[in-house]
Amino acid sequence: MSIPFRSSLLPNKLSMASFDSSNEIELKANEEVISSRQVEAVNGSENTDGKKLNTKSSLIKKQPSGGWTYASLLLVNQGLATLAFFGVGVNLVLFLTRVLEQDNADAANNVSKWTGTVYLFSLIGAFLSDSYWGRYLTCAVFQLVLVLGLGLLSIASWLFLINPAGCGDGVKVCMPSSSVGIAIFYLSIYLIAFGYGGHQPTIATFGADQFDDSHPKAVESKAAFFCYFYFALNTGSLFSNTILVYYEDSGKWTLGFLVSLGSAILALLLYMLGTPRYRYLKAYGNPLPRVGQVFIAAYRKWDVVPADANALYEVEGTESAIKGSRKILHSDDFRFLDKAATVTQNDLWGPNNPWRLCTVTQVEEAKCVLKMLPIWLCTIIYSVIFTQMASLFVEQGDVMTAKFGNFHLPAASMSAFDICSVLICTGIYRHILVPLAGKLSGNPKGLSELQRMGIGLIIGMLAMIAAGVTEIQRLKFVTPGEKRSSLNIFWQIPQYVLVGSSEVFMYIGQLEFFNGQAPDGIKSFGSSLCMASISLGNYVSSLLVNMVMGITARGDSPGWIPADLNAGHMDRFYFLIAGLTAIDFVIYVFCAKWYKCINLDASEKGIQLEEQHNDVFGKV
1 MSIPFRSSLL PNKLSMASFD SSNEIELKAN EEVISSRQVE AVNGSENTDG KKLNTKSSLI
61 KKQPSGGWTY ASLLLVNQGL ATLAFFGVGV NLVLFLTRVL EQDNADAANN VSKWTGTVYL
121 FSLIGAFLSD SYWGRYLTCA VFQLVLVLGL GLLSIASWLF LINPAGCGDG VKVCMPSSSV
181 GIAIFYLSIY LIAFGYGGHQ PTIATFGADQ FDDSHPKAVE SKAAFFCYFY FALNTGSLFS
241 NTILVYYEDS GKWTLGFLVS LGSAILALLL YMLGTPRYRY LKAYGNPLPR VGQVFIAAYR
301 KWDVVPADAN ALYEVEGTES AIKGSRKILH SDDFRFLDKA ATVTQNDLWG PNNPWRLCTV
361 TQVEEAKCVL KMLPIWLCTI IYSVIFTQMA SLFVEQGDVM TAKFGNFHLP AASMSAFDIC
421 SVLICTGIYR HILVPLAGKL SGNPKGLSEL QRMGIGLIIG MLAMIAAGVT EIQRLKFVTP
481 GEKRSSLNIF WQIPQYVLVG SSEVFMYIGQ LEFFNGQAPD GIKSFGSSLC MASISLGNYV
541 SSLLVNMVMG ITARGDSPGW IPADLNAGHM DRFYFLIAGL TAIDFVIYVF CAKWYKCINL
601 DASEKGIQLE EQHNDVFGKV
């Protein structure tokens with residue numbers, strides 16, 4: 001039998017509530033993580049700017065921190081780090097085929113697996129950031145790993161792989177690489193994957209942290225930041241996809257890798273420059289036990305009827321039991337988890353056991369994860385579309401006419417049209433579409449994040465159809481005995497432009513959605529879901545390629561994606577992805593209609609803030 005909770009019934013359950021208010025404030029002041037708003041509320045200060053706080057609050061040193069100045073520094077860091085990463089990733093498929101002599105299918109699969117690993121590592125970075133290290137230190141460590149990986153790759157290509165000099169240009173053949181050289185190569189690219197993957201979601205969340213939630217324009221500033229974040233990402237990759245790709249395609253691989261190394265070092269130095277004035281948030285502790293406690297507690301009370309919302313267990317005061325996290329109000333989704341916050345007779349005796357009784361905020365944190373998962377799963381198919389730019393699009397362009405006089409346009413450079421599409425569409429979206437849609441819908445954001453992600457799915461499907469049509473035309477212009485079709489490579493422009501415009505809706509929408517809907521204690525995890533979607537998209541793409549080749553390459557049939565693309569039917573593979581995307585879109589619409597947003601307690605927006613940046617290093 002469940003009974004309504006009253007604080008007088010559980011004196012040993014609410015140890016933090018048993019302290020008087022001034023003792024609680026003094027404790028937080030000693031930790032230097034208190035907001036002036038909380039001090040004023042307890043000490044009765046009448047001055048809203050915090051100048052008349054008593055001696056307890058004077059322990060806090062308030063300094064200007066964060067804001068657009070330091071968020072902009074992080075945007076520059078993101079652009080340079082992306083330049084470094086894509087200096088390797090954008091042409092990796094051709095490095096594997098030309099230098100390491102892998103066939104098309106194997107190279108495409110290896111790139112998909114590597115790219116998937118990059119974004120899978122984002123979960124590790126997000127976990128360390130949210131749980132232990134905090135955003136600042138996590139970004140710094142993973143950027144060091146990125147620099148190390150790029151340094152090793154530069155050494156490996158110079159000493160072991162590019163032999164003779166200038167090979168791997170599509171004409172001059174490289175000598176077979178030694179096992180040591182290949183081992184160092186794979187070690188280096190996976191260090192790059194680890195460094196960039198762990199850095200990505202954390203730098204996005206750290207940038208959003210530079211805006212104080214108590215400020216009335218914080219929501220608008222964060223939305224603008226995520227838009228500019230993706231803009232900076234594509235600005236950095238534009239250089240990689242044009243200038244660096246040209247030099248690498250002409251056989252100057254080591255030079256391209258060294259430029260990437262220099263960009264990564266510069267990014268790290270600029271990042272460290274803002275250390276004294278960044279706005280820091282403390283790590284919230286490991287979320288895995290918190291979420292696990294909810295499910296274990298609910299399981300232990302499986303035969304208990306969940307209590308009404310106003311009778312569920314929650315700590316008193318304005319803060320939740322999760323240090324530094326705002327309270328989350330009760331929702332009616334996944335009502336069976338409310339059993340974990342339902343107080344029973346057994347909970348009234350003995351010490352507080354979080355594996356039997358959880359707070360409403362803790363239960364809602366687990367619910368938020370469950371609610372976001374269906375939306376996240378629906379974005380994986382889109383990431384299958386996105387990953388084709390780094391694999392099959394490049395291989396398709398490599399067998400099309402790309403020579404104009406004495407100038408040869410590298411196939412990987414065509415992704416510059418994707419980047420330009422992103423940059424142009426970002427400006428159109430931010431300055432034209434949002435104000436127009438806002439007037440029509442009454443939503444200041446113009447379109448909701450879920451609506452934008454749905455539009456991204458549709459445009460991505462059209463991109464696959466365009467790629468399939470281009471491949472049909474390419475095959476029509478193939479001359480028997482010739483490797484390249486006479487069809488001009490610029491036929492690929494529509495598919496790249498469509499993918500770019502879809503990214504503006506899908507990935508910016510994802511960044512805003514998962515960061516905004518994730519509870520305070522797992523913000524980096526929310527941002528990492530976007531990266532993890534790309535990761536699984538790459539693995540699914542690799543799985544699809546293997547399945548398609550296993551089914552279609554039988555007997556005398558070379559399959560849809562053979563080593564000689566002129567003998568295959570890559571167009572059918574593109575149309576297959578388009579069909580899967582259409583099915584995924586229908587499922588996504590149902591999930592989006594079902595989804596209910598997180599409901600934070602608006603009575604207290606003060607987030608525990610580290611005013612002394614040196615504490616960041618002390619928490620490791």
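Residues in the sequence shown are numbered consecutively from 1, following our numbering. Each residue gets a CB set at the ideal place from its N, CA and C atoms; glycine is no exception. Keep in mind it's a predicted model, so treat the numbers as computed, not measured.
Using alpha carbons as the reference points, say which of V589, C425, L565 lies closest to C227.
Out of V589, C425, L565, C425 has the C-alpha closest to the C-alpha of C227.
Give the single residue among G579, I124, A81 whose Cα lies nearest to the Cα of T460.
With the sequence shown as reference, residue 460 is identified as Gly, and Thr is not the correct amino acid for it. For the residues G579, I124, A81, the minimum Cα distance to G460 belongs to G579.
Within the continuous alpha helix (DSSP H) that includes Q451, where are the two ends?
Where Q451 is concerned, the enclosing alpha helix (DSSP H) stretches over 449–476.
Which of the three DSSP states, helix, strand or coil, is assigned to R326?
Of the three classes helix, strand and coil, the one that applies to R326 here is strand, per DSSP.
Just verifying my parser: in three-state terms, what is the DSSP assignment at E364?
In the structure shown, E364 sits in a helix (DSSP, three-state: H, G or I).
What's the gap between the Cα of A463 and the Cα of C368?
Distance between the alpha carbons of A463 and C368 is about 32 angstroms.
In angstroms with no decimal places, state the Cα-to-Cα distance between E611 and G438.
Note that E611 scores 37 on pLDDT, short of 50, meaning its location in the model is unreliable; the coordinates nonetheless yield the value given after this. Roughly 37 angstroms separates the two Cα atoms.
Have a look at P494, A563, Y429 and flag the residue whose alpha-carbon is nearest the alpha-carbon of T97.
Of the candidates P494, A563, Y429, the one whose C-alpha sits nearest the C-alpha of T97 is A563.
Where does F642 fall in DSSP's three states?
With the chain covering 1 to 620 only, the question about residue 642 has no answer from this structure.
Over the uninterrupted alpha helix (DSSP H) stretch that includes V394, give me the two end residues.
V394 -> alpha helix (DSSP H) spans 392–398.
Under the three-state reduction of DSSP, which class applies to L211: helix, strand or coil?
First, the amino acid is wrong: residue 211 is Phe here, not Leu. In this structure, F211 counts as coil in the three-state DSSP scheme.
Considering only DSSP beta bridges, list what E319 is partnered with.
E319 pairs with R326.
For S383 and I534, which I take to be in contact (beta-carbon distance under 8 angstroms), what is that distance rounded to the nearest angstrom?
Contact holds; Cβ gap of about 5 angstroms.
How long is the line joining the alpha carbons of S22 and I322, rounded to whole angstroms?
Because S22 carries a pLDDT of 35, less than 50, the predicted location of this residue cannot be relied on, and the following value inherits that uncertainty. Each residue's Cα considered, the two are about 20 angstroms apart.
DSSP state of L75, grouped into three classes?
Correct three-state label for L75: helix.
Should the segment 195–205 be regarded as contacting the segment 520–536, the criterion being three or more beta carbon pairs within less than 8 angstroms?
Contact holds: three or more Cβ-Cβ distances are below 8 angstroms.
To which residues of the same chain is A340 closer than 6 angstroms at the C-beta, ignoring the five residues directly before and after it?
Closer than 6 angstroms at the Cβ level, and outside the excluded window around A340, lie V294, A297, A298, C358, V363.
Which partner residues of H408 appear in the DSSP bridge assignment?
Paired residue(s): K403.
Among Y429, I551, G521, whose alpha-carbon lies nearest the alpha-carbon of F231?
When only C-alpha atoms are compared, the closest one is Y429.
Using a 10 Å radius around the Cβ and a threshold of 16 neighbouring Cβ atoms, would you call E482 buried or exposed?
E482 should be labelled exposed.
If you draw a straight line from the alpha carbon of L377 to that of N163, how long is it in whole angstroms?
If you take the alpha carbons of L377 and N163, they lie about 44 angstroms apart.
Do you know how far the Cα of W114 is from the Cα of F85?
Each residue's alpha carbon lies about 12 angstroms from the other.
Here's the rule: buried if 16 or more other CB atoms are within 10 angstroms of the residue's CB, otherwise exposed. What is N509?
Residue identity differs from the one stated: residue 509 is Gly in this sequence, not Asn. G509 comes out buried.
Where does Q345 land, buried or exposed, given buried means 16+ other C-beta within 10 angstroms?
So Q345 ends up on the exposed side.
Span of the alpha helix (DSSP H) holding T242?
Careful: T242 lies outside any alpha helix (DSSP H) and carries neither H nor E.
My understanding is that L83 touches F334, with C-beta atoms under 8 angstroms, so please give their C-beta distance in whole angstroms.
That belief does not hold up - the Cβ atoms of L83 and F334 are roughly 43 angstroms apart, past 8 angstroms.
Do you know how far the Cα of V245 is from the Cα of H408?
About 12 angstroms.
For S65, list the residues DSSP reports as bridge partners.
In DSSP, S65 forms no bridge with anything.
Between F575 and M531, what straight-line distance do the alpha-carbon atoms span, to the nearest angstrom?
Near 25 angstroms, if we compare the C-alpha coordinates of M531 and F575.
Please name the residue, chosen from A412, D212, G442, that lies closest to S65 on a Cα-to-Cα basis.
Comparing Cα-Cα distances from S65 to each of A412, D212, G442, the minimum goes to D212.
Under a three-way DSSP split, which group does L312 fall into?
L312 falls in the coil class under three-state DSSP.
How big is the Cα-Cα spacing for S542 and N109?
If I take the Cα positions, the gap works out to 5 angstroms.
One question on the structure: do R279 and D209 come within less than 8 angstroms of each other, judged by their Cβ atoms?
Against a cut-off of 8 angstroms, the Cβ pair of D209 and R279 comes out as a contact.
Just how far apart, CA to CA, sit V88 and E365?
When rounded, the distance between both Cα atoms is 38 angstroms.
Name, in chain order, the residues that DSSP records as bridge partners for N488.
T401.
Can you find the residues in the same chain that come closer than 7 angstroms, C-beta to C-beta, to S177, ignoring five residues on each side of it along the sequence?
The answer, listed in chain order, is L100, F160, L161.
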